[in-house]
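This report concerns only the one structure given below.
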């Protein structure tokens, strides 16, 4: 016969903090926390002492002072009398501009190159391999500086467009001027425009919203909504009767007719760049710094994206392609309907990190003098005010926010397209 | 009825395949002109290749190698080919290649970085080709970091030795304490002992030993470092130091200890969320503010610290990927064998996880190596900084392409061979079924 007894009641002993796995983890964590806090306290106290010795207490009042430097490439109006905060805001917008432009171009080029690398045309595949290896194995800073040098040295000066026998001519039916001072493209003008609304009054983040643009977007949105309704109707009809009504001409009409009517009403026309004096006037001026940065970043990132796309496509087993051919799908459709939807789920996560890399690499704008947030807040503002600590920390915070928002958006998208298993 | 059979009784002799299906012609047909789209692509590509090569080849090979300035280069070009366009002036490379490679390092001491590089390859050999090199060479690999510091910076030998002694002291304390008390206690006290040694004792030790037994070489200051050598130095240090830190961070991120985990996550996400250039700003402007008043250690060391932290965060994510890719059964298997945490990591988990993450690790290496060029923005004279400096010289004012081509070729060779090595390693370590 056995008697059941309670296990002996264990009393807490100090050594259990070290030897008992139940308590040891707590010990380790407490020690780690104390170590971390000691380190942080040490750094902060050092910083305070050093700043006191330099006579520079931490404060952000300098943001209200006039920046007194110019930003030549900008989206919003800005003069050198505006505050440092306004300059930083303009710089932030410039960072976002080059990041968005770069991501779009890099995706297009990258997908194209990635698909072409798998082409059964030997020559094309080899050329794409050369492109990818060349761009991946050379620092992006070198590409940026090189692109800038090519633009400055390789393109004609504005005065080459002058005279009866100009050595350079404008491209695309006299609408685009590619010069060594930048690219001039036509701008959109409205002779009977609706005007702007001014947001945020006179604060540093004030900006104008063009009502023309708003109207255009509203009409476009409405057209797309109508198009989706129509194709839904066509699908319903196909389900019911087996015949799909021809709708493409209705779709095109719905898309373009309201848009054209709106643009005519607003008096839409293009403002072409013209050579006046020593330089081009009119049109939108994209400076070399922007073009060089955009070009170099997108070609560099495209090489990485191409590899991701290629790996994603190769990750789909050959059986999928064979099954699609067995069903009678043509190669193009196989790609679009069978391979890509499956490949996307392999492709998207590394793509996110490449978009993030491109955005972070855009901080190299400082090497070619493009005034992004690093050039304004971390560049001239920092040098003029001598507030290194505040400027660098704010700069890091801004980039951190951008990175976290991009990854949040892309993760949301990733979760949407992800194949749900079980 | 005759018994004439209309069925052939013997095989026909095999005919040669049509000429258009085999040999060079067949290859061309299948690989270049298999459809009309492919034919168009081929023709466009051929034209593009011709266009690029017709520009680059004459530029590269009909070039001037010996001249003192760009103007002289142009004169020679005019003399030989009648135009200054389309010909490279490699004379600038011929003139300045030593500077591009070594920066302002004293020229009579060039043997030191070269020896350091050769010894680096020797030290790496047991790690890279573990099957062909005796394992005892690993002792040299452990000594190498200190030897490299001494070779590069010169000065008294006791500095690196005292730094190495810090590790020895820490290890000694750890072994004694862990035998007497517990492993955890041993780690903490060991780290503490090393830190105390480095912070308080090592400078006295160095100066005392240097005055008793003065062994030393000519010292080279950090601001004389530059060129491609700087990129290699920063790359090697950042890569070498970040791997162990990255492993620790990755383990921390996977760990069950909540505080440790969040500290690691915070560090990794912060570093990965900001561009390297801002960290370099920290190195050049802020790091001195964070340290006790009066400390002023040199810019190269500060840059090394920030680059190491930067690459450690990326390394941690790569290794975490490897850890996550391991099947759960491996962890459970290790547990069921009764291994403790560190034994399991060392014997079961890490060898497999590191193997899975080799491609990622190498691409992080390549990325860091390329990113070392960013130091030119904070005013160090790496290759790109030197290229601008050379262009600022009146003799070579206005020379671009030759310098860029040279720099690009340097990086390409190193990065491309690293990526090929990783492919070789992947194939070598492949134990799965294929």
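Chains as they are written, first to last, in our numbering: chain A, 17 to 438; chain B, 6 to 439. We treat Cβ as the ideally placed atom computed from N, Cα and C, and that holds for glycine. Remember, it's a predicted structure, so these values are computed and weren't measured experimentally.
Throw me the rounded Cβ distance for the residue i and residue j pair, which I believe falls under 8 Å.
i	j	result
residue 251 of chain B	residue 321 of chain B	4 Å
residue 293 of chain B	residue 300 of chain B	7 Å
residue 151 of chain A	residue 315 of chain A	6 Å
residue 99 of chain A	residue 85 of chain A	Contact doesn't hold; Cβ gap of about 12 Å is too wide.
residue 129 of chain A	residue 148 of chain A	7 Å
residue 303 of chain A	residue 198 of chain A	4 Å
Measuring only between beta-carbons, confirm whether residue i sits less than 8 Å from chain A.
i	result
residue 283 of chain B	yes
residue 136 of chain B	no
residue 438 of chain B	With a pLDDT of only 48 at residue 438 of chain B, under the threshold of 50, the placement of this residue in the model should not be trusted, and no figure is reported.
residue 405 of chain B	yes
residue 303 of chain B	no
residue 375 of chain B	yes
residue 264 of chain B	yes
residue 94 of chain B	no
residue 180 of chain B	no
residue 54 of chain B	yes
residue 287 of chain B	yes
residue 50 of chain B	yes
residue 379 of chain B	yes
residue 162 of chain B	no
residue 382 of chain B	yes
residue 268 of chain B	yes
residue 340 of chain B	no
Give a yes or no on whether 8 Å exceeds the smallest Cβ distance from residue i to chain B.
i	result
residue 138 of chain A	yes
residue 81 of chain A	no
residue 13 of chain A	With chain A represented from 17 up to 438, any question about residue 13 of chain A goes unanswered, as that position is not in the structure.
residue 110 of chain A	no
residue 335 of chain A	no
residue 169 of chain A	yes
residue 394 of chain A	yes
residue 351 of chain A	no
residue 40 of chain A	yes
residue 155 of chain A	yes
residue 397 of chain A	no
residue 62 of chain A	yes
residue 147 of chain A	no
residue 158 of chain A	yes
residue 232 of chain A	no
residue 28 of chain A	no
residue 50 of chain A	no
Could you list which residues in chain B have their beta carbon closer than 7 Å to that of residue i, in chain order?
i	result
residue 405 of chain A	291 and 294
residue 65 of chain A	298
residue 419 of chain A	278
residue 128 of chain A	Result: empty, since nearest Cβ-Cβ is about 12 Å, beyond 7 Å.
residue 59 of chain A	295
Which residues in chain B sit within 9 Å of residue i, going by Cβ to Cβ distance?
i	result
residue 162 of chain A	405, 406, 409 and 413
residue 222 of chain A	Per Cβ cutoff of 9 Å: no residues; residue 222 of chain A is ~27 Å from chain B at best.
Could you please give me the residues that DSSP links to residue i through a beta bridge?
i	result
residue 286 of chain A	A:204
residue 2 of chain A	Beyond the ends of chain A as shown, which are 17 and 438, falls residue 2 of chain A; an answer cannot be given.
residue 82 of chain A	A:99
residue 213 of chain A	A:225
residue 30 of chain B	DSSP lists no partner for residue 30 of chain B.
residue 69 of chain B	B:94
residue 222 of chain B	B:160
residue 187 of chain A	A:192
Output, in chain order, the set of chain A residues within a Cβ distance shorter than 7 Å of residue i.
i	result
residue 315 of chain B	The premise fails here: residue 315 of chain B is roughly 11 Å from chain A at the closest Cβ pair, so nothing lies under 7 Å.
For residue i, which residues in chain A fall below 8 Å Cβ to Cβ?
i	result
residue 483 of chain B	Since the first and last residues shown for chain B are 6 and 439, residue 483 of chain B lies out of range.
residue 99 of chain B	Here the premise fails: no neighbours, minimum Cβ distance about 21 Å.
residue 71 of chain B	Within chain A, no residue comes near residue 71 of chain B; the closest Cβ sits about 24 Å away, beyond 8 Å.
Can you name the residues of chain B whose CB is closer than 8 Å to the CB of residue i?
i	result
residue 176 of chain A	Here the premise fails: no neighbours, minimum Cβ distance about 16 Å.
residue 517 of chain A	The structure shown does not extend to residue 517 of chain A, since chain A is modelled only from 17 through 438, so no value can be given for it.
Residues of chain A with a CB under 9 Å from the CB of residue i: which are they?
i	result
residue 39 of chain B	136 and 137
residue 442 of chain B	Residue 442 of chain B lies beyond the stretch modelled for chain B, which goes from 6 to 439, so this question has no answer here.
How about residue i: is its C-beta nearer than 8 Å to some C-beta of chain D?
i	result
residue 401 of chain A	The structure shown contains no chain D; the protein chains it does contain are A and B.
**Prompt:** In chain order, which continuous runs of the alpha helix (DSSP H) of length 4 or greater are located wholly inside the segment 78 to 125 of chain B?
**Reply:** For the segment 78 to 125 of chain B, whole alpha helix (DSSP H) runs of length 4 or above, ordered along the chain, are 96 to 107.
**Prompt:** Which residue spans inside the segment 161 to 204 of chain B form an unbroken alpha helix (DSSP H) run of at least 4?
**Reply:** 163 to 185 and 188 to 201, all fully within the segment 161 to 204 of chain B.
**Asked** Can you list the alpha helix (DSSP H) stretches of 4 or more residues lying completely in the segment 314 to 391 of chain A, in chain order?
**Response** The segment 314 to 391 of chain A contains these whole alpha helix (DSSP H) runs: 334 to 342 and 356 to 377.
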